[in-house]
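The sequence shown runs contiguously to residue 214 in the working numbering.
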Amino acid sequence: MVENIKHFLHKRKYELLLVALVQHLFIGIFLNDLSFYTKII
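Below, the structure written as structure tokens:
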């Protein structure tokens, strides 16, 4: 199980980093009310 996760992360690490970067950059555009967002999370 852990080996499968390690293999997936190693194989897809750049795609995951790209998704995280895009999400981080555009969160302010899609969620203008960040205080409301932080209360939900």
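Where a beta carbon is used, it is the ideal one built from N, C-alpha and C, also for glycine.
When DSSP states are grouped into helix, strand and coil, Leu204 belongs to the coil group.
Note that the C-beta distance between Ile200 and Leu190 is not below 9 Å. When only Cα atoms are considered, Phe209 and Gln196 end up about 17 Å apart. The C-alpha of Phe181 is placed about 30 Å away from the C-alpha of Thr211.
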